[in-house]
């Protein structure tokens, strides 16, 4: 396959080109069924890759487009605006990929990045453990060096997409004698290695996006180490910081379009019924939510400026994560409130709002203040690193 | 000229903090403020700095700057709790100058230069539903509540309704039929009055704008006042955060600074988040496209609504972080809190703004999420 023509570098032209392409693209409407949805999103990533709409900020020699983070942000915004789903391999694209790009050897980059971009190889991230959640540095999964191999034994949990992934970026303790943060290494593990067992965890939304992953003497070559022995904690923190800013921007844009859809539903209902039973009650709440979401849009402008300027990670990532989870929860809570008693009836529509869609969104939004570092962890980061308050421990 | 404007704007932003900090330490100013919510010395300094004339167009002899350049000054005004009708002059007065006939323009410009003072008599400051004074023939009658510093004003800029549409009228405060009744203000940083106009004679030169021109001027004025008040609230929130963080580092209990306790750290972190979001919101709203009134209106309503909520949350948390000391009359925080309670209701009470935004969203078929700039 010949590489597709380079998208325009000028951001306005780039946005126009992205919008035009999306308008003509066969954008999938993700099925509610989890397996069907996954397959559709994997195809979608392949489509984006083949048309050249992925990996904007990555060098061309590793399958990217040699543009900038700003292009990535603009394309994410346009995807959301077109109601198009994000590509399936987000953990690879947003988290593991940048880590490999920043800290991998040339050999690792050449081997791993192109299939990561195309969606041919999907990635998961084995960080959290049953007794190492917010206190991630206390993780206990062992990585024992035997000759030219690292032997991994332990258990990971909340591992998103583990069942579908081809690779897992595992944090393992390779030096049990070093202090907590220093003894951790970042190991790239093929998921078809003998000794791996994955058990899906069904969430309250009905999806089984995350999993428990058991490693029982799993052998990988020492060459699968990223950034050397003991570099795992630094790499993990670095990329979590990168992830927060970009994730918050993308998710904010999705919430903006959800708000637009919410208002459209209420308007249609009012037009069809000659009035809206909830209009008076809803107007004040809707106006308040709108002001809050617009304030977050303004806050996000600062995030774009930071990412473009390379000012990441920053404690402001934590401010963004906090605002994202709060506004998202307010958005979906209002929708579920406006549904009234119909909210638990999957097929019902009330006041122009399809119940199943908004309820699932609401349930998912509750996880926003937990995943990727809970709201409490983010507040502690802000307190110590931005306000320079004395450490609480 | 563009480069000159950039220089002026940058200089304004940089010097606002410096000038206001100096005023905070000026003995005459502090003496005057102990006696009441106004300092003639500080007001002269503000007029002299040129801030009140910044928005006057170049064609009308002003600096031709926009809300974006004014925003850092208004934020500093909030941060330092500078009393006085800054926004009434810098926004309403300055926007009216180009529309006014020569003599009225000269009277307006005099107030912006610190000679005399202007009060804005527009019932929309208190309530979106309140009736405007009526202009019938050459007589103006009606009333208006919540006029800031009207007791000190030499000129009244009145939003009125004429026979064929709105009118903006400039009256000298001493004219027959003008009555200014002081209201007791629970906000020690504000003087409030009710203004009554009883058959006040209006000359042709007093009419700054009429009908479509007046409607456009009032629309820009309302949006500008809302953005201005939002900026002042952002300044208040920023100051409350700053002194709370400092206090949490210095005050000790149980043998360590209270800022080391997670319960307080999380309150302070949330204050930082809201204050940061508010600062950015004001910045974006102030940069909204003044040439597209729909966009500016939307930005101004949303920014003012968010400002009231965020600033209130931040300052109430500041009261909590400071503990008992903040409830004493000697501590500065109560002045910030009472002033924000006033500003919350000034140019759109928060719930009125929410309702206005919500009604627009539900009723219209227009753009749900208009770009602001």
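Chains as they are written, first to last, in my numbering: chain X, 3 to 395; chain W, 17 to 389. The C-beta atom is built at its ideal place from N, Cα and C for all residues, glycine as well.
Close-in-space but distant-in-sequence residues of the same chain around residue i (CB under 6 angstroms, 5 per side omitted)
| i | result |
| --- | --- |
| residue 137/W | 160, 163, 172, 174, 211 |
| residue 221/X | 151, 153 |
| residue 3/X | Because the pLDDT at residue 3/X is just 46, under 50, the model does not fix this residue reliably, and the point stays unresolved. |
| residue 101/W | 164, 165 |
| residue 311/W | 304, 305, 386, 388 |
| residue 264/X | 337 |
| residue 350/W | none |
| residue 267/W | 274 |
| residue 17/W | Residue placement at residue 17/W is flagged as unreliable, the pLDDT there being 45, under the threshold of 50; the coordinate-derived value follows with that caveat. So the list is empty, once near-sequence residues are dropped. |
8 angstroms Cβ shell around residue i - same chain, five flanking residues per side excluded
| i | result |
| --- | --- |
| residue 308/X | 247, 314, 316, 318 |
| residue 185/X | 175, 176, 177, 178, 179, 232 |
| residue 201/W | 53, 207, 208, 358 |
| residue 361/X | 338, 341, 345, 346, 348 |
| residue 45/X | 30 |
Enclosing alpha helix (DSSP H) for residue i [first to last residue]
| i | result |
| --- | --- |
| residue 222/W | Unbroken run through residue 222/W: none, as it is neither H nor E. |
| residue 71/X | 71-83 |
| residue 110/X | 108-120 |
| residue 357/W | 349-361 |
| residue 56/W | 56-64 |
| residue 388/W | Segment: none, residue 388/W is in no alpha helix (DSSP H) and carries neither H nor E. |
| residue 247/X | 234-275 |
| residue 380/X | 377-383 |
| residue 371/W | 366-379 |
| residue 292/W | 278-302 |
| residue 332/X | 317-341 |
| residue 51/W | 43-51 |
| residue 118/W | 118-128 |
| residue 16/X | 13-26 |
| residue 389/X | That residue, residue 389/X, is in no alpha helix (DSSP H); it is neither H nor E in DSSP. |
Beta bridge counterpart(s) of residue i as assigned by DSSP
| i | result |
| --- | --- |
| residue 213/X | 161/X, 202/X |
| residue 144/X | 155/X, 175/X |
| residue 186/W | 173/W |
| residue 337/W | Paired residue(s): none; residue 337/W is not in a bridge. |
| residue 296/X | For residue 296/X, which the question treats as bridged, DSSP gives no partner whatsoever. |
| residue 134/X | 131/X |
| residue 328/W | Per DSSP, none; premise fails for residue 328/W. |
| residue 187/X | 174/X |
| residue 351/X | 356/X |
| residue 273/W | 268/W |
| residue 169/X | 125/X, 192/X |
| residue 245/W | Residue 245/W is not bridged to any residue. |
| residue 220/X | 154/X |
Extent of the continuous beta strand (DSSP E) to which residue i belongs
| i | result |
| --- | --- |
| residue 163/W | 155-164 |
| residue 125/X | 125-128 |
| residue 56/X | Note, residue 56/X: premise wrong, no beta strand (DSSP E); not H, not E. |
| residue 214/W | 208-217 |
| residue 195/W | 194-199 |
| residue 150/W | 150-152 |
| residue 137/W | 134-137 |
Cutoff 7 angstroms; reference residue i; Cβ partners in own chain excluding five residues on either side
| i | result |
| --- | --- |
| residue 183/X | 139, 235 |
| residue 137/X | none |
| residue 328/W | 356, 360 |
| residue 223/X | 150, 151 |
| residue 358/X | 348, 349 |
| residue 223/W | 183, 185 |
Inter-residue CB distance, residue i and residue j (contact presumed, cutoff 8 angstroms)
| i | j | result |
| --- | --- | --- |
| residue 9/X | residue 67/X | 7 angstroms |
| residue 143/X | residue 174/X | 5 angstroms |
| residue 107/W | residue 71/W | 7 angstroms |
| residue 293/W | residue 84/W | 18 angstroms between Cβ atoms; not a contact. |
| residue 324/X | residue 380/X | 5 angstroms |
| residue 127/X | residue 93/X | 5 angstroms |
| residue 318/W | residue 234/W | Going by Cβ atoms, the distance from residue 318/W to residue 234/W rounds to 19 angstroms, so no, they are not a contact pair. |
| residue 385/X | residue 285/W | 5 angstroms |
Taking only beta carbons into account, state which residues of the region 237-264 of chain X come closer than 8 angstroms to chain W, listed in chain order.
258, 261, 262
What are the residues in the region 292-313 of chain X lying within 9 angstroms of chain W by C-beta distance?
292, 293, 294, 295, 296, 297, 298, 299, 300, 301, 302, 303, 304
Check distances from the C-beta atoms of the region 346-372 of chain X to those of chain W and list, in chain order, the residues that come in under 9 angstroms.
none
Could you run through the region 283-296 of chain W and flag, in chain order, every residue whose CB is less than 8 angstroms away from some CB of chain X?
284, 285, 286, 288, 289, 292, 293, 294, 296
Can you pull out the residues from the region 66-86 of chain W whose beta carbon lies closer than 7 angstroms to at least one beta carbon of chain X?
none
Quick one, which residues of the region 240-273 of chain W are near chain X if we go by CB-CB under 8 angstroms, in chain order?
261, 264, 265, 272, 273
Proximal residues, the region 381-393 of chain X versus chain W, C-beta separation under 9 angstroms
381, 382, 383, 384, 385, 386, 388, 389, 390, 391, 392, 393
Residues in the region 316-341 of chain X having any Cβ partner in chain W nearer than 7 angstroms:
321, 324, 325
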